[in-house]
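Line by line, the protein sequences are chains A and B.
Under numbering that gives the first Met the number 0, think of the first position of the first sequence as 0, with each following residue one higher.
Under numbering that gives the first Met the number 0, think of the first position of the second sequence as 0, with each following residue one higher.
Note that beta-carbon positions come from the ideal geometry of N, C-alpha and C, so glycine has one too.
As the structure is a prediction and not an experimental result, all values here were calculated from the model.
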Amino acid sequence: MLFNSLDFAIFLPIIFICYWFLAHKQLKHQNVLIVVASYVFYGWWDWRFLALILFSTLVDYAVGRGLSRYDNARKRKLLLWTSIIVNLGFLGFFKYYNFFLENFIQAFSFFGQDIPSNSLNIILPVGISFYTFQTLSYTIDVYKQRLKPTKDFMAFAAFVSFFPQLVAGPIERASNLLPQFYANRNFNYTKAIDGLRQILWGLFKKMVIADNCAYFANTIFENYETYSASTLVLGAVFFAFQIYGDFSGYSDIAIGTSRLFGFDLKRNFATPYFSRDIAEFWRRWHISLSTWFRDYLYIPLGGSKGSIGNQVRNVFIIFIVSGFWHGANWTFIVWGALNALYFLPLLLRNKNRVHTNVVAQNSTWPSFKEFTQMLITFGLTVIAWIFFRAENVTMAFDYISRMANMSLFSLPQVRPTDLLLFLLVFILVEWAGRRNLFAIERLWLAYPKPVRLSIYYGIAMLIFLFGGKAQEFIYFQF
Amino acid sequence: MKRFLLHTCLFLILLLLGFFAVFASADGTTDAFYKKMASPRQSSLIVGSSRAAQGIRPSIVDSVYGSSNLYNYAFTIIQTPYGEAYYNSISKKLDKTTKNGVFIVEVNPWTISEYKSSSQSQGYREDDTFIANTHFVNLNPNIEYLLESFNEKNEAILRNKNRKGFYQTFFVHDNGWLEVTVESDMISKSVRTKNKIKSYRKKLLNYKGFSTYRMEYLTKTIDFLKAHGDVYLVRLPVIDDMLAIENELMANFDQKMQAVAEHKNLVYINMITANKSYDYTDGQHLTVDSATRFSKDLAEQMAKSKN
Numbered sequence: 000m001l002f003n004s005l006d007f008a009i010f011l012p013i014i015f016i017c018y019w020f021l022a023h024k025q026l027k028h029q030n031v032l033i034v035v036a037s038y039v040f041y042g043w044w045d046w047r048f049l050a051l052i053l054f055s056t057l058v059d060y061a062v063g064r065g066l067s068r069y070d071n072a073r074k075r076k077l078l079l080w081t082s083i084i085v086n087l088g089f090l091g092f093f094k095y096y097n098f099f100l101e102n103f104i105q106a107f108s109f110f111g112q113d114i115p116s117n118s119l120n121i122i123l124p125v126g127i128s129f130y131t132f133q134t135l136s137y138t139i140d141v142y143k144q145r146l147k148p149t150k151d152f153m154a155f156a157a158f159v160s161f162f163p164q165l166v167a168g169p170i171e172r173a174s175n176l177l178p179q180f181y182a183n184r185n186f187n188y189t190k191a192i193d194g195l196r197q198i199l200w201g202l203f204k205k206m207v208i209a210d211n212c213a214y215f216a217n218t219i220f221e222n223y224e225t226y227s228a229s230t231l232v233l234g235a236v237f238f239a240f241q242i243y244g245d246f247s248g249y250s251d252i253a254i255g256t257s258r259l260f261g262f263d264l265k266r267n268f269a270t271p272y273f274s275r276d277i278a279e280f281w282r283r284w285h286i287s288l289s290t291w292f293r294d295y296l297y298i299p300l301g302g303s304k305g306s307i308g309n310q311v312r313n314v315f316i317i318f319i320v321s322g323f324w325h326g327a328n329w330t331f332i333v334w335g336a337l338n339a340l341y342f343l344p345l346l347l348r349n350k351n352r353v354h355t356n357v358v359a360q361n362s363t364w365p366s367f368k369e370f371t372q373m374l375i376t377f378g379l380t381v382i383a384w385i386f387f388r389a390e391n392v393t394m395a396f397d398y399i400s401r402m403a404n405m406s407l408f409s410l411p412q413v414r415p416t417d418l419l420l421f422l423l424v425f426i427l428v429e430w431a432g433r434r435n436l437f438a439i440e441r442l443w444l445a446y447p448k449p450v451r452l453s454i455y456y457g458i459a460m461l462i463f464l465f466g467g468k469a470q471e472f473i474y475f476q477f
Numbered sequence: 000m001k002r003f004l005l006h007t008c009l010f011l012i013l014l015l016l017g018f019f020a021v022f023a024s025a026d027g028t029t030d031a032f033y034k035k036m037a038s039p040r041q042s043s044l045i046v047g048s049s050r051a052a053q054g055i056r057p058s059i060v061d062s063v064y065g066s067s068n069l070y071n072y073a074f075t076i077i078q079t080p081y082g083e084a085y086y087n088s089i090s091k092k093l094d095k096t097t098k099n100g101v102f103i104v105e106v107n108p109w110t111i112s113e114y115k116s117s118s119q120s121q122g123y124r125e126d127d128t129f130i131a132n133t134h135f136v137n138l139n140p141n142i143e144y145l146l147e148s149f150n151e152k153n154e155a156i157l158r159n160k161n162r163k164g165f166y167q168t169f170f171v172h173d174n175g176w177l178e179v180t181v182e183s184d185m186i187s188k189s190v191r192t193k194n195k196i197k198s199y200r201k202k203l204l205n206y207k208g209f210s211t212y213r214m215e216y217l218t219k220t221i222d223f224l225k226a227h228g229d230v231y232l233v234r235l236p237v238i239d240d241m242l243a244i245e246n247e248l249m250a251n252f253d254q255k256m257q258a259v260a261e262h263k264n265l266v267y268i269n270m271i272t273a274n275k276s277y278d279y280t281d282g283q284h285l286t287v288d289s290a291t292r293f294s295k296d297l298a299e300q301m302a303k304s305k306n
């Protein structure tokens, strides 16, 4: 079920009413309702994959219970590895089996050894990369004794399958989300209104910005050989806004929906395109995944400690694994490696934590220096996105090489006035709301209520009028 | 909670009213099909492909033949080859109380042919289109169509309204006739014709020709309409190059239609023989002027055959 679909527009109010009117007296009932709703939500795509979530839930719950019973280090390690193997095994099979097989075959055929291909027609279960990482964080935290294992199976099942963030995050830590399933949840008007505002802004990002950018980005990328350099640059910029609008829009809808049910999810995007260097960008982009890799991979590997060689190795590992997490394609690996190359000079010069505050914290507009820094960082990001969007690495290099000729200084062949205007307004609103959890959180609160409501009404009408036809969220494929 | 529900409901009601106002302004400029899906049930129908949609003007036929309120319910070959989907849609569109209606069933080889890749078990090409997916074909505004099948952004409903005859090349009249205005100079026409012939040559390769399924539904459609009035089986004219392609697709098409007509005791009006008398936008669709003349000629033939 897509957030931007009629199905969800009907599903959400029904669950909301049941949750606050029928199940509100007992926490257990509310948790049961969340599990049922989440399974319906997920099963809407393909009910067969519900078995995967259920199995993952049972395994990790049992592992958690086991870890609470044993002090023996060997037994505890065995339990941890059981969880890791089961979860990553599913992920590996569904997401990476064909990739590894094809690459092995290619490698062997390079040495003159022809191997018959036995690739399988595997359908990738929606959101598997997200809920796998979420459940892994639970077992790892319990193993490391940072978190007490839960006895409440229903709360755990609700934590694993919580429908607002089940298929595309934010990837929640058990330490943040699981305790919320133990506590009584009372309806909070302000929180719910905030949630609705965030959903509205998320829908705007997805349907007006991302879906419209997608149309032009797809046109340009699919026929890139026929376009001028300036058009190719515009195509890459459109893709940058498409992926941001798509993914951060999804996160906003997820977080907003959770608020309607009394939950607080972690922020996943913090205006990343206003970053002044690439390190800041990675602290602001897909925060829940970046911090997951930081805590469960980068730091255990030694992080930024140790010899320069180790630091370089760790940075490449984390970025390449992060790229590979996005999909079984060399384009994602190169995208990760390129970001590692961007990041390394900052780390080695110890300048990776220079910009930890919001840009132009105490002023309305950025200084010239800040503006230039933001522009350079955005430019670097756009180049990296070309690898992310391209069909293969060769196409990405070809696309970039075609961007470097004199036609760069001509007018782009594609000039969608409406969209460019929307992007300008969007950037201005995001800029004005850069200090908030989401752009319009407190943006117009000083205005009288009728004015504020008219603005929200206007945004909703813009979504209705200019929203592209329902397209899937890009991150569902990951 | 009550306050939240009240405020949210009020906001949503106002929002839905806004949505409804936009939908209610959809009309013949919205797209080439909407108007036909948003008109009331009809007592007399023209059914068939885009040739009929553009080439048969109901008002002209009404005035010459003497029928009343003939309605053009023809679409394009993509959505309305004869089959279950179109049959169901026609049956929803027809006012079942009609006893003396007039029905023009346009036929050409493409309407009773099938793609090589199609089969009954896999479903047919029109099954994924609005003709199969729109359950309500008589609602105004037809929100189901606009939500599920309208391919543009909703702002196009408002934008297209003021563009008739300028940027907008089509307009669906209240009687369902699709008026298409394109550049009528010789060069544009020749380019369009050349491209159309090229695309149909290509299309021909993907067709396996005569389909018993389609023929079965053509006869079923005729039987259904016959129960409500007089049925005329009509083939519209096309240029010789297009006719040559159609002969390759189905050499004995006219004999087949003649046989159907005899079997069903109705008239087959084959206007192909008069193809030199008309002008075409692209070799197969009549220009507005020719559509007017053709409709008059067709109505006269219908009247003659009735007498």
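- Taking a beta-carbon distance threshold of 9 Å, A/G467 counts as an interface residue toward chain B.
- Under the 9 Å criterion on CB atoms, A/W200 is classed as non-interfacial with respect to chain B.
- Going by beta carbons, A/W334 and A/A403 fall outside the 9 Å limit.
- Secondary structure of B/V106 (DSSP, three-state): coil.
- Residue environment analysis places A/N349 among the exposed positions, since fewer than 16 neighbouring C-beta atoms fall within 10 angstroms of its C-beta.
- A/V236 and A/L146 have their C-alpha atoms spaced approximately 42 Å apart.
- With respect to the 9 Å criterion, B/T280 and B/V181 are classified as neighbours on the basis of their beta carbons.
- Residue environment for B/G122: exposed (fewer than 16 other C-beta atoms within 10 angstroms of its C-beta).
- The residues I55, R56, I59 and V60, in chain order, have a CB closer than 6 Å to that of B/S294 in the same chain once the five nearest residues on each side in sequence are set aside.
- Going by beta carbons, B/L242 and B/Y267 fall outside the 9 Å limit.
- Annotation for B/I268: the continuous beta strand (DSSP E) segment containing it runs V266 to N269.
- With fewer than 16 other Cβ atoms inside 10 Å of its own Cβ, A/M405 counts as exposed.
- Segment contact: the segment 197-212 of chain A against the segment 274-291 of chain A, fewer than three CB-CB distances shorter than 8 Å; contact not assigned.
- For B/M249, no chain A residue has a C-beta closer than 7 Å to its own C-beta; the minimum C-beta separation is roughly 36 Å.
- Under the 9 Å criterion on CB atoms, B/K152 is classed as interfacial with respect to chain A.
- Residue range A72 to L90 is occupied by the alpha helix (DSSP H) that includes A/G88.
- Rounded to whole angstroms, the separation of the alpha carbons of B/N132 and A/D263 is 40 Å.
- Burial state of A/A339 is buried, judged by a 10 Å Cβ sphere holding 16 or more other Cβ atoms.
- In this structure, the alpha-carbon of B/V179 lies about 27 Å from that of A/V413.
- The residues Y297, L300, G301 and G302, in chain order, have a CB closer than 7 Å to that of A/N313 in the same chain once the five nearest residues on each side in sequence are set aside.
- With fewer than 16 other Cβ atoms inside 10 Å of its own Cβ, A/G305 counts as exposed.
- In this structure, A/D59 places its C-beta atom within 9 Å of the C-beta atom of A/V159.
- Looking only at B/A273, B/Q257, B/Y85 and B/N174, the smallest Cα-Cα distance to B/P39 is reached by B/N174.
- Residue range G228 to R234 is occupied by the beta strand (DSSP E) that includes B/Y231.
- Note on geometry: alpha-carbon atoms of A/F273 and A/F377 lie some 8 Å from one another.
- Collapsing the DSSP output to three states places B/I45 in a strand.
- Burial state of A/R73 is exposed, judged by a 10 Å Cβ sphere holding fewer than 16 other Cβ atoms.
- The beta carbons of A/L66 and A/L78 sit about 6 Å from each other, so the pair counts as a contact at 8 Å.
- DSSP, reduced to helix, strand and coil, places B/L285 within a strand of the structure shown.
- Distance from the CA of B/L235 to the CA of B/K255, rounded to the nearest whole angstrom, comes to 16 Å.
- In this structure the segment 178-187 of chain A touches the segment 24-36 of chain A; the number of beta carbon pairs closer than 8 Å is three or more.
- When C-beta atoms of the segment 252-261 of chain A are compared with those of the segment 417-433 of chain A, fewer than three pairs fall below 8 Å, so the two segments do not count as touching.
- In the displayed model, B/E113 falls within a strand according to three-state DSSP.
- Under the three-state reduction of DSSP, B/K207 is assigned to strand.
- One Cα belongs to B/Y277, the other to B/K152, and the distance between them is close to 37 Å.
- Not a single CB atom of chain B sits nearer than 9 Å to the CB of A/F387.
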